[in-house]
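Chains as they are written, first to last, in the numbering used here: chain A, 1 to 225; chain B, 226 to 457. Ideal Cβ placement from N, Cα and C applies to all residues, glycine included. A short worksheet on the structure shown next.
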């Protein structure tokens with residue numbers, strides 16, 4: 001029980017900090033919108049066209065990936081710079097609780113960003129058919145990305161070139177996640193088609209479970225001084 | 226290093242060397258020419274042997290990394306670093322030989338087939354691992370961070386294999402023959418050659434690993450001696 005309360009306290013702390021620096025969070029959301037708009041010009045996406053169904057999933061996830069990496073990197077870099085991570089480590093809180101709290105707050109923050117981006121995407125491109133299944137798919141994808149991203153952000157924040165290091169470390173590892181979640185998103189864009197999604201779905205769940213557990217176990221080795 | 230272990234390492238090196246010579250003979254002269262692909266297919270013995278050594282490399286990186294996190298012994302970190310460097314070499318060889326193989330068979334240098342894709346991602350993970358090692362602030366951090374990343378990287382490989390197979394399923398399949406391993410039948414001679422080639426490269430991997438670890442040990446000794454002299 002105390003463990004869960006510790007996790008909750010970390011989440012509360014992070015969300016409070018996030019709300020107090022709302023201008024940075026809104027800048028990240030704005031960045032996701034810019035990515036969407038650039039894609040519009042890159043691919044000449046016609047509103048409500050067939051192209052949206054084939055290219056939309058990729059466009060959406062590139063926007064999500066680029067924006068979430070900024071948020072992930074910041075969530076631990078801020079702690080390091082202000083010295084608050086050392087303070088956090090001095091408190092009698094389990095390292096695992098710090099990790100899970102960070103994952104949860106990153107997950108919440110990324111989800112809010114994705115929700116706003118998704119609404120903008122729907123307004124801007126008007127995809128012809130979109131299934132509500134998209135929401136659980138995005139949740140599963142974001143969970144895996146936050147799980148491995150939080151650990152690797154902690155690793156990257158300890159290196160000399162952390163802004164560059166995080167994508168270099170995170171993207172190769174999360175390629176299976178992106179492959180699976182983009183396949184699922186494509187299914188949500190074309191609910192009528194008989195795409196076989198069982199493989200992608202089990203892969204995505206396997207990714208989430210494996211990396212949540214492993215990162216939970218490894219986190220203490222990264223933050224220890 | 227005791228004399229016995231020196232001898233054993235030499236023996237390992239000599240065995241690897243002998244197997245490579247035998248493997249070369251078998252790959253070029255002993256194994257019959259394949260009906261559909263002709264002579265080109267012979268690169269496949271080197272290709273698959275490099276793949277095997279490249280895969281072993283990342284597994285050793287992860288095991289040594291986990292052992293380092295448990296014991297905090299510098300020796301394990303040396304093993305992980307050495308294995309990553311040699312793994313990069315073998316997986317680069319696998320990518321290049323795969324490309325050379327693909328050109329005459331499929332008419333292109335590169336196809337996004339599951340095996341090539343998997344290997345490209347493994348290669349990216351290796352490179353990221355070495356970049357991480359190069360950019361961490363101090364030795365203790367290098368060892369801990371790279372151990373953590375090595376473990377994640379090795380766990381990622383089976384997922385990458387799974388995902389690239391599924392991914393093929395939804396994209397247009399250009400090369401049906403890659404769907405289930407090798408569709409061309411291996412004759413008895415080919416299988417024997419393949420085993421010798423893989424054994425030769427795996428022994429070579431371990432020989433290089435031992436030598437690379439030893440080099441790092443000597444480097445550490447030199448640093449320690451320099452420090453002693455400076456302290457005087």
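Query, Result
"Assuming contact is defined by CB atoms lying nearer than 8 Å, are residue 100 of chain A and residue 189 of chain A in contact in what I supplied?", "no"
"For residue 233 of chain B, is the classification buried or exposed, using 16 other Cβ atoms within 10 angstroms of its Cβ as the cut-off for buried?", "exposed"
"Return no unless some Cβ of chain A is closer than 8 Å to the Cβ of residue 395 of chain B.", "The pLDDT assigned to residue 395 of chain B is 46, lower than 50, so where the model puts this residue is not dependable; a value taken from the coordinates is nonetheless given after this. So yes, residue 395 of chain B belongs to the interface."
"Can you tell me whether residue 328 of chain B is buried or exposed? The criterion is at least 16 other CB atoms within 10 Å of its CB, across all chains shown.", "exposed"
"Determine whether the Cβ of residue 251 of chain B lies closer than 8 Å to any Cβ atom of chain E.", "No chain E appears in the structure shown, which is made up of the protein chains A and B."
"May I have the straight-line CA-CA distance separating residue 169 of chain A from residue 62 of chain A, to the nearest angstrom?", "17 Å"
"Among A:179, A:173, A:198, which has the Cα closest to the Cα of residue 210 of chain A?", "A:173"
"From residue 416 of chain B to residue 453 of chain B, what distance separates their C-alpha atoms?", "56 Å"
"Please classify residue 200 of chain A as buried or exposed, where buried requires at least 16 other C-beta atoms within 10 Å of its C-beta.", "buried"
"Of all Cβ atoms in chain A, is any one closer than 8 Å to the Cβ of residue 392 of chain B?", "yes"
"Please report whether the beta-carbon of residue 189 of chain A lies at a distance below 8 Å from any beta-carbon of chain B.", "no"
"Per DSSP, residue 361 of chain B forms a beta bridge with which residues?", "A:159"
"Suppose contacts are defined by Cβ-Cβ distances below 8 Å. Is residue 166 of chain A in contact with residue 180 of chain A by that definition?", "no"
"Going by CA-CA distance only, name the one from A:177, A:128, A:198 that's closest to residue 46 of chain A.", "A:128"
"Put residue 259 of chain B into one of helix, strand or coil per three-state DSSP.", "strand"
"Can you list, in chain order, the residues of its chain whose CB lies under 7 Å from that of residue 412 of chain B, leaving out five sequence neighbours each side?", "257"
"Within 8 Å (strictly less), CB to CB, does residue 229 of chain B reach chain A?", "no"
"Does the beta carbon of residue 99 of chain A sit closer than 8 Å to a beta carbon anywhere in chain B?", "no"
"Taking a Cβ distance cut-off of 8 Å, strictly less, list which residues of the segment 193-209 of chain A are near chain B, in chain order.", "195, 196, 199, 200, 203, 206, 207"
"Is the beta carbon of residue 358 of chain B sitting closer than 8 Å to the one on residue 306 of chain B?", "yes"
"Count Cβ pairs between the segment 75-89 of chain A and the segment 135-153 of chain A that sit closer than 8 Å; are there 3 or more?", "yes"
"Counting only runs of 4+ residues fully inside the segment 245-297 of chain B, write out the alpha helix (DSSP H) ranges in chain order.", "268-296"
"Can you pull out the residues from the segment 357-381 of chain B whose beta carbon lies closer than 8 Å to at least one beta carbon of chain A?", "357, 360, 361, 362, 366, 369, 370, 372, 373, 374, 376, 377, 378, 380, 381"
"Between which two residues does the alpha helix (DSSP H) carrying residue 32 of chain A extend?", "22-43"
"If we cut at 8 Å on Cβ distances, does residue 72 of chain A have a partner in chain B?", "no"
"Between which two residues does the alpha helix (DSSP H) carrying residue 197 of chain A extend?", "Per DSSP, residue 197 of chain A belongs to no alpha helix (DSSP H) and is neither H nor E."
"Kindly indicate if chain A contains any beta-carbon less than 8 Å away from that of residue 346 of chain B.", "yes"
"Under a three-way DSSP split, which group does residue 46 of chain A fall into?", "coil"
"Tell me whether residue 404 of chain B is buried or exposed, calling it buried when 16 or more other Cβ atoms sit within 10 Å of its Cβ.", "With a pLDDT of 39 at residue 404 of chain B, under the threshold of 50, the modelled position of that residue is not reliable, and no figure is offered here."
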